[in-house]
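Chains as they are written, first to last, in my numbering: chain A, 2 to 310; chain B, 329 to 442.
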């Protein structure tokens, strides 16, 4: 990686967090801000912590639960994602993920027997009382904010750090990237590839990001075996099965990381329909098919374009 | 031989019977009026009570953007059922201010699946 901007990284939320600051002296402060936000998100939204708010809402047996403002925000974010994608992202996918074998931190998942997939309960059954900070889901429905919570954490953390005086900040949580403040002169150079942990040497495309967010969703990571099937973590809520693999990796740039992540994950689920949908939204995107062919939308630069001098 | 009732006595008996019938009718009307009043009062009170319950159970509100950096506290049992089902804001996914640009630089970070 380049040493153009100072960075620090650590493991959290089952993935890697990277923080870069355009202002070297402020890196430690920025990292502390990011750590604090990630800890709050983890306490609120983790499916794998019994003491998280999400676990308590899921275990409430249909009773309403009073929650923190952060949890209200995460719920609202997940419901917005569901509404904007026509349910291709659905926060009620929790039990589908569990029965598919993703029932613990990913590092602890082992191969297992065949499973019967279960479709999502449907996001419209989630009741959110914003004014009173109350959330209720019917008994048996399990929320999962995996499609939006990391991106939300990245957006909040980058904004917090920049507002605290860190100058230009980039926060990457598992490859979901949020920026805030003034980027370095040429922007943030980012490699777009299949695996966020694959290093700078892997096949991909390097672009520069000046503002907003960038997210990549891929079926090449977080895979496990169940019976004779190879399962990946992006489920189609309509069936509860892993989404059909038309695209192996989709990267999207948007005004914020949450929007980028909603679009990239929904594009995986939408398959063949994704490029047209992304074009209609005028979102710059790079879609890599299983055979490696690349489709670009919304002004994403082609691989043959050269950098401006 | 039939007994003969004096005419004035017979007329008095009829008059008494008529008066009693009128009094009974008036008393019945008073009872009906009272029952009607109580019924109306009960209906009004019941309507008010139901309206109050409905207002508490289905009060409307809008979703607003929540400030960042909110504190996280454990979920607790809510005292009452918030039945309001909120439709999230339907703003479209927002484009970036600038699309990514090609660059020939060593990357500082990787955006990939996780």
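Quick reminder that beta carbons are idealized off the backbone N, C-alpha and C, glycines included.
{"query": "Between the region 32–45 of chain A and the region 200–213 of chain A, do three or more beta carbon pairs fall short of 8 Å?", "result": "no"}
{"query": "Quickly, what does DSSP pair residue 295 (chain A) with across the bridge? List them, please.", "result": "A:289"}
{"query": "Just to confirm my understanding: we take residue 90 (chain A), look at its own chain, exclude 5 residues before and 5 after, and list those with CB closer than 8 Å. What are they?", "result": "79, 82, 83, 148, 149, 238, 263, 266, 267, 270"}
{"query": "Using a C-beta to C-beta distance shorter than 7 Å, which residues of chain B count as neighbours of residue 302 (chain A)?", "result": "428, 429, 430"}
{"query": "Over what stretch of residues does the alpha helix (DSSP H) that includes residue 100 (chain A) continue unbroken?", "result": "95–100"}
{"query": "Starting from residue 40 (chain A), trace the alpha helix (DSSP H) both ways and give me its first and last residue.", "result": "28–46"}
{"query": "Buried or exposed for residue 19 (chain A), going by 16 or more other Cβ atoms inside 10 Å?", "result": "buried"}
{"query": "Could you tell me the alpha carbon to alpha carbon distance between residue 155 (chain A) and residue 370 (chain B), rounded to whole angstroms?", "result": "58 Å"}
{"query": "Identify the residues that DSSP records as bridge partners of residue 243 (chain A): which are they?", "result": "A:236"}
{"query": "Determine, for residue 380 (chain B), whether the minimum Cβ-Cβ distance to residues of chain A falls below 8 Å.", "result": "no"}
{"query": "Indicate the three-state DSSP secondary structure (helix, strand or coil) for residue 363 (chain B) in the structure shown.", "result": "helix"}
{"query": "Have a look at residue 276 (chain A) and residue 289 (chain A) and give me their C-alpha separation to the nearest angstrom.", "result": "11 Å"}
{"query": "What first and last residue would you give for the beta strand (DSSP E) that runs through residue 128 (chain A)?", "result": "128–130"}
{"query": "Counting only C-beta atoms, is residue 209 (chain A) closer than 8 Å to chain B at any point?", "result": "yes"}
{"query": "So residue 38 (chain A) and residue 161 (chain A) are in contact, right, with Cβ under 8 Å, and what is the actual spacing, rounded?", "result": "6 Å"}
{"query": "Looking at C-alpha atoms only, which residue of B:421, B:441, B:344, B:435 is the closest neighbour of residue 284 (chain A)?", "result": "B:421"}
{"query": "So, at 6 Å on beta carbons, what are the nonlocal neighbours of residue 1 (chain A) in its own chain, with the 5 sequence-adjacent residues on each side left out?", "result": "Here chain A has residues from 2 to 310 only, and residue 1 (chain A) is not among them."}
{"query": "Report the three-state DSSP secondary structure of residue 124 (chain A) (helix, strand or coil).", "result": "helix"}
{"query": "How about the region 128–147 of chain A and the region 66–75 of chain A: do they share at least three Cβ pairs that are nearer than 8 Å?", "result": "yes"}
{"query": "Which one of A:185, A:165, A:184, A:195 has the shortest CA to CA distance from residue 175 (chain A)?", "result": "A:195"}
{"query": "What's the gap between the Cα of residue 274 (chain A) and the Cα of residue 261 (chain A)?", "result": "17 Å"}
{"query": "List the whole-angstrom C-beta distance separating residue 6 (chain A) from residue 185 (chain A), where the pair is believed to meet the contact cut-off of C-beta under 8 Å.", "result": "6 Å"}
{"query": "Candidates A:129, A:95, A:146: which alpha carbon is nearest residue 122 (chain A)'s?", "result": "A:95"}
{"query": "In this structure, how does DSSP classify residue 117 (chain A) when only helix, strand and coil are distinguished?", "result": "coil"}
{"query": "For the beta strand (DSSP E) that residue 10 (chain A) lies in, which residues bound it at each end?", "result": "8–13"}
{"query": "Answer yes or no: does any C-beta atom of chain B fall closer than 8 Å to that of residue 213 (chain A)?", "result": "yes"}
{"query": "For the region 269–280 of chain A, list every residue whose C-beta sits within 7 Å of some C-beta in chain B, in sequence order.", "result": "none"}
{"query": "From A:173, A:300, A:142, A:16, pick the residue whose C-alpha is nearest to that of residue 214 (chain A); which is it?", "result": "A:173"}
{"query": "For chain B, is any of its Cβ atoms less than 8 Å away from the one on residue 250 (chain A)?", "result": "yes"}
{"query": "Are there 16 or more other CB atoms within 10 angstroms of the CB of residue 1 (chain A), so buried, or fewer, so exposed?", "result": "An answer regarding residue 1 (chain A) cannot be provided, because it is not within the stretch 2 to 310 covered by chain A."}
{"query": "According to DSSP, is residue 220 (chain A) part of a helix, a strand, or is it coil?", "result": "coil"}
{"query": "Give me the Cβ distance between residue 193 (chain A) and residue 287 (chain A), rounded to the nearest whole Å; I'm assuming they're in contact under 8 Å.", "result": "6 Å"}
{"query": "So, residue 435 (chain B) versus residue 191 (chain A), is the Cβ gap smaller than 8 Å?", "result": "yes"}
{"query": "From residue 30 (chain A) to residue 117 (chain A), what distance separates their C-alpha atoms?", "result": "47 Å"}
{"query": "Nearest to residue 99 (chain A) by CA position, among A:207, A:254, A:159, A:233, is which residue?", "result": "A:233"}
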